[in-house]
Amino acid sequence: RIMRPDDANIAGNVHGGTILKMIEEAGAIISTRHCNSQAGEPCVAALARVERTDFLSPMCIGEVANVSAEITYTSRHSVEVQVNVMSENILTGAKKVTNKATLWYVPLSLKNVNKVVEVPPIQYARKEQEDEGKKRYEEQKLDRLETKQRNGDVILPVINPEPHTVGYSQSSLIHLVGPSDCTLLGFVHGGVTMKLMDEVAGIVAARHCKTNIVTASVDAINFHEKIKKGCVITVSGRMTFTSNKSMEIEVFVDADPFVDEPRERYRAVSAFFTYVSLSKEGKPLPVPQLLTETEDEKRRFEEGKGRYLQTKAKRQAQMQQSAQ
Amino acid sequence: RIMRPDDANIAGNVHGGTILKMIEEAGAIISTRHCNSQAGEPCVAALARVERTDFLSPMCIGEVANVSAEITYTSRHSVEVQVNVMSENILTGAKKVTNKATLWYVPLSLKNVNKVVEVPPIQYARKEQEDEGKKRYEEQKLDRLETKQRNGDVILPVINPEPHTVGYSQSSLIHLVGPSDCTLLGFVHGGVTMKLMDEVAGIVAARHCKTNIVTASVDAINFHEKIKKGCVITVSGRMTFTSNKSMEIEVFVDADPFVDEPRERYRAVSAFFTYVSLSKEGKPLPVPQLLTETEDEKRRFEEGKGRYLQTKAKRQAQMQQSAQ
Amino acid sequence: RIMRPDDANIAGNVHGGTILKMIEEAGAIISTRHCNSQAGEPCVAALARVERTDFLSPMCIGEVANVSAEITYTSRHSVEVQVNVMSENILTGAKKVTNKATLWYVPLSLKNVNKVVEVPPIQYARKEQEDEGKKRYEEQKLDRLETKQRNGDVILPVINPEPHTVGYSQSSLIHLVGPSDCTLLGFVHGGVTMKLMDEVAGIVAARHCKTNIVTASVDAINFHEKIKKGCVITVSGRMTFTSNKSMEIEVFVDADPFVDEPRERYRAVSAFFTYVSLSKEGKPLPVPQLLTETEDEKRRFEEGKGRYLQTKAKRQAQMQQSAQ
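Protein chains in written order, with the UniProt record's numbering: chain A, 1 to 324; chain B, 1 to 324; chain C, 1 to 324.
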């Protein structure tokens, strides 16, 4: 579809969150369709995880986003979908790859939302494809378990923070979950959650460096718990790490089922977003260094540095490989 | 209401689809109100057909759209509504007629969506009004039957198409039907469908001529089948004909009730949109000729030419009439 | 227009904020039209103040909102507009008055946004109308000055608050101002701001009483400062007072022009919203009393009680008057 002014920031760059939302909608449609392709219990595919994804080139207002999706692996209870996004300038005809994302879905029964339905198997052209898919499946399963442990951190408010400290840029928003945010099952679309997460992360980044910023990448996101219609969700973000030209922001999503249900507020999702700062000509700008004050902040900065260096090493390895 | 940036293209012209959506909302309100005006079964008016409509002058961001609707004919089971749209520049006070559209609605029972309710008759000032309305009613009924036959065509993808061929500009989008797209009966508003159709047709036109384009007219649109909440709709468009200064695009809407229903994908709506290409000063530009390759494409081009010449002849006849 | 699921809460009641937004749009159109009606500098009417308004009866999904607006007074630099909202059930034909609101607009030049343009005077049917209008004009001017003094309060975060305390329900959201939120001058529509304020106030109310809540009334709202496109706005709410069956919530709007401008965060708007709690049958429910802890909270509770008793006395006086 055509990118509109509301999809973009004031510099005309489409929000990463808008793109993530389109990716998730495509993934949800293809996996729901697949899971209902054989006579069985009607079901709706729910997003369980999005693998790390890079925003390779910015998209602008007036461009057309082409989203294509393909199922690449199925386990007994989950579906892996590969989604590619291309931006097309329909005036010049130029096309660019914007994103490649891998998503995992789990089909939930329409009649009983707590029941996971069986997934019809797909056919593989070669045996290796199935083996590689299985490996990816095991890896993501492990990672989901690990991050479930980590959850529990809370962003505490800070009074009168200094510029460039963690407390200075941390931000949160609340959102009342409405009908258009939800699937047929009455739970929030994963894409809606990701869009709000990107919105908060973008505000944290902009508060820190006070320039035009764009999403560079999103780390793997795990969706631990469903969020029901009528909940209030609180999306909070804080900066964890800065390199010379990038900022890492941790984002938490907490759900508060405050009407009609006796449940406590719970952590539904958490993830790391990386942003870069751009000049008016679209060139990357240096980023002010994050000032860490507490022990926790220093620890998180070091952890962020670890992730940064690891990603950098991986990217260099890939570049060497493709250069050979 | 005031036209916003999201209602318009990058040149500031309001999308024809936004206008069609406002027209349909006004028509749905007045005909639902009329059909419930006598004590009877509560019902909701569903759009059955929109007659051919011309976009007489472009509307811009910041202008106010004034929409007025009037019931002009009732048969036993259908209502004809005439809707006029004026654009008003509230800074200069200038008003212009943007559109005159004629819509046909059928009242469906709130309790049983497959039951068509009887329409209370309206009073006519003169007997001729009733007779003319009846004639229009018979004509549209005939036309609806005919187009129902035609449906069944499919747009196949093309690999590496040449510029200005049919395959080069053909486009499609998918949309998951959400609650706010739907009426009280849980079926998609006709206006929502038309807005998506205009969006696809606009992308086809822009891909073909790579300039700023605007909707010039929409041929009669028949709504053969209802589309339910939760469906995925695929809207596809391909160019069928070009004259020196206009492009005709055929648009199909297919609905895929992929959850909860054992039904096949079906063709819900199809229509022809005509676009013109505008320079930065708003003057019409010449349009590159469409290159037809297959026999089907050549046939559709000739059919399009027929519609074009017929419309041109009709307009000249009207102009001569009003000049007398 | 027809009320959609997105306009309403899960019980189907249209949000007060949606209604306030429609009211403001109607007011902005009629006053901008009036101020440009004589040859002079082109201008756009900006909302300066909304008088206290009561929500007389709830509006539901599927009903049609009829909004009518009339200019009732003009001073040299401001316009008073009276807006009435009726809800119409198009199935039964039943109509109810939902709202009567009075709004004040100031016309700002399109060329120089800091210049207030002169307002063409209106004609009054009777001399008393002009005198009464002038009295209302003087009163609101005085009130705007007063509330400007009051501004400066900040909502501080609370760690682990007890249920029914002020800290327990206080909430805030951030919103990045996009193009569709803005007028032709590039400043946020007053109606957009009011919608966000109602959203936060509603969440505060629901957190406090954990039931379905609806807006009962909004105290006079003064718009002290414009908010520019690209700003981040923080909307914060805290409960100030509870009676047996109502809750008063104070809402602040702060704007943060963090990109491209050297300005500090500033208070743009503040107001009091009153909510009631409803059972599933739509009957008012008792509200848990607000627990006040600090001196400031106790003082604000007493002030809220004062406003509550004053409003109650006024309403009783009006009822006696109309009974005579």
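Even for Gly, the Cβ is constructed at its ideal location relative to N, Cα and C.
Inter-residue CB distance, residue i and residue j (contact presumed, cutoff 8 angstroms)
| i | j | result |
| --- | --- | --- |
| L173 (chain C) | V200 (chain C) | 6 angstroms |
| I69 (chain C) | P107 (chain C) | Looking at the sequence shown, residue 69 (chain C) is not Ile but Ala. No, A69 (chain C) and P107 (chain C) are not in contact; Cβ-Cβ is about 16 angstroms, not under 8 angstroms. |
| A317 (chain A) | D54 (chain A) | Incorrect: roughly 15 angstroms between the Cβ atoms, too far for contact. |
| P5 (chain A) | P5 (chain B) | 4 angstroms |
| V85 (chain B) | T98 (chain B) | 4 angstroms |
| G230 (chain B) | L91 (chain A) | The Cβ separation is near 36 angstroms, so there is no contact. |
Inter-residue Cα distance where the pair is residue i and residue j
| i | j | result |
| --- | --- | --- |
| F301 (chain A) | P286 (chain A) | 18 angstroms |
| N222 (chain B) | G93 (chain B) | 36 angstroms |
| K312 (chain B) | A11 (chain B) | 28 angstroms |
| S169 (chain A) | R207 (chain A) | 5 angstroms |
| V158 (chain B) | G202 (chain B) | 19 angstroms |
| V251 (chain B) | V259 (chain B) | 25 angstroms |
| N9 (chain B) | E130 (chain C) | 45 angstroms |
| E295 (chain C) | P120 (chain C) | 49 angstroms |
| H15 (chain B) | I249 (chain B) | 16 angstroms |
| Y73 (chain A) | Y124 (chain A) | 9 angstroms |
| M194 (chain B) | F272 (chain A) | 39 angstroms |
| residue 386 (chain A) | E264 (chain C) | This structure gives no information on residue 386 (chain A), because the portion of chain A shown stretches from 1 to 324. |
| Q310 (chain C) | T242 (chain C) | 15 angstroms |
| T165 (chain C) | K210 (chain C) | 14 angstroms |
| T234 (chain C) | H175 (chain C) | 7 angstroms |
| K134 (chain A) | V116 (chain A) | 19 angstroms |
| L278 (chain B) | N212 (chain C) | 52 angstroms |
| K280 (chain A) | S270 (chain B) | 44 angstroms |
| Y266 (chain B) | E63 (chain A) | 30 angstroms |
| G178 (chain A) | G40 (chain C) | 45 angstroms |
| residue 325 (chain C) | L145 (chain C) | What the structure shows of chain C is the stretch from 1 to 324, and residue 325 (chain C) is not part of that stretch, so it cannot be assessed. |
Closer than 7 angstroms at the beta carbon, the chain A residues around residue i
| i | result |
| --- | --- |
| R207 (chain B) | I90 |
| I2 (chain B) | In chain order: nothing, as chain A lies at least about 15 angstroms away. |
| E199 (chain C) | L176 |
Chain C contact residues for residue i, given Cβ-Cβ distances below 8 angstroms
| i | result |
| --- | --- |
| S87 (chain B) | Those do not exist, as S87 (chain B) stays about 13 angstroms from chain C at its closest Cβ, beyond 8 angstroms. |
| T32 (chain B) | I90, L91 |
| K229 (chain A) | I10 |
| E146 (chain B) | In chain order: nothing, as chain C lies at least about 32 angstroms away. |
8 angstroms Cβ cut-off: residues of chain B touching residue i
| i | result |
| --- | --- |
| D6 (chain A) | P5, D6 |
| N36 (chain C) | I90, L91, T92, G93 |
| residue 332 (chain A) | Examination of residue 332 (chain A) is not possible in this model, given that chain A is present from 1 through 324 alone. |
Neighbour list for residue i in chain A, Cβ cutoff strictly below 8 angstroms
| i | result |
| --- | --- |
| G178 (chain C) | P5, D6 |
| L173 (chain B) | R1 |
| K210 (chain B) | I90, L91, T92, G93 |
Residue i: CB within 7 angstroms of a non-hydrogen atom of the ligand ATP
| i | result |
| --- | --- |
| G202 (chain A) | As presented, the structure is devoid of all ligands, the ligand ATP included, so that no description of it is given. |
Within chain C, the residues that residue i reaches when beta carbons sit closer than 7 angstroms
| i | result |
| --- | --- |
| I29 (chain B) | I2, V64, I90 |
| I203 (chain A) | I174, L176, V232 |
Partner residues on chain C for residue i, Cβ-Cβ distance less than 9 angstroms
| i | result |
| --- | --- |
| P157 (chain A) | L156, P157, V158, I159 |
| E25 (chain B) | R1, I2 |
Interface residues of chain B facing residue i [CB-CB closer than 7 angstroms]
| i | result |
| --- | --- |
| L184 (chain C) | G62 |
Original post:
Taking one C-beta from the segment 135-150 of chain B and one from the segment 186-196 of chain B each time, how about it: are there three or more such pairs within less than 8 angstroms?
Top reply: With contact defined as three or more Cβ pairs closer than 8 angstroms, the segment 135-150 of chain B and the segment 186-196 of chain B are not in contact.
Original post:
Quick one: any contact between the segment 290-308 of chain C and the segment 223-231 of chain C, if contact means 3 or more CB pairs under 8 angstroms?
Top reply: The segment 290-308 of chain C makes no contact with the segment 223-231 of chain C; the number of CB pairs closer than 8 angstroms stays below 3.
Subject >> Ranges of the alpha helix (DSSP H) found wholly within the segment 204-281 of chain B, counting only runs of at least 4 >> reply: If only complete runs of 4 or more residues are kept, the segment 204-281 of chain B shows no alpha helix (DSSP H) anywhere.
Subject >> Sufficient close CB pairs (3 or more, under 8 angstroms) joining the segment 102-111 of chain B to the segment 36-54 of chain B >> reply: Judged by Cβ distances under 8 angstroms, the segment 102-111 of chain B makes contact with the segment 36-54 of chain B, as three or more pairs qualify.
Subject >> Whole runs of the beta strand (DSSP E) within the UniProt domain "HotDog ACOT-type" (1-111) of chain A, excluding any shorter than 3 residues >> reply: When DSSP assignments are scanned along the UniProt domain "HotDog ACOT-type" (1-111) of chain A, the uninterrupted stretches of beta strand (DSSP E) that are 3 or more residues long and fall wholly within it turn out to be 43-50, 64-74, 79-88, 95-109.
**OP:** For the segment 64-82 of chain C and the segment 24-32 of chain C, state whether three or more C-beta atom pairs, one from each stretch, are separated by less than 8 angstroms.
**Re:** Taking 8 angstroms as the limit for Cβ pairs, the verdict is that the segment 24-32 of chain C does touch the segment 64-82 of chain C.
Original post:
Considering only residues of the segment 163-204 of chain B, which uninterrupted beta strand (DSSP E) runs meet the minimum length of 3 residues and lie entirely inside it, listed in chain order?
Top reply: Correct list: 171-176.
Subject >> Complete alpha helix (DSSP H) runs within the segment 121-153 of chain B (minimum length 4 residues, chain order) >> reply: 127-150, all fully within the segment 121-153 of chain B.
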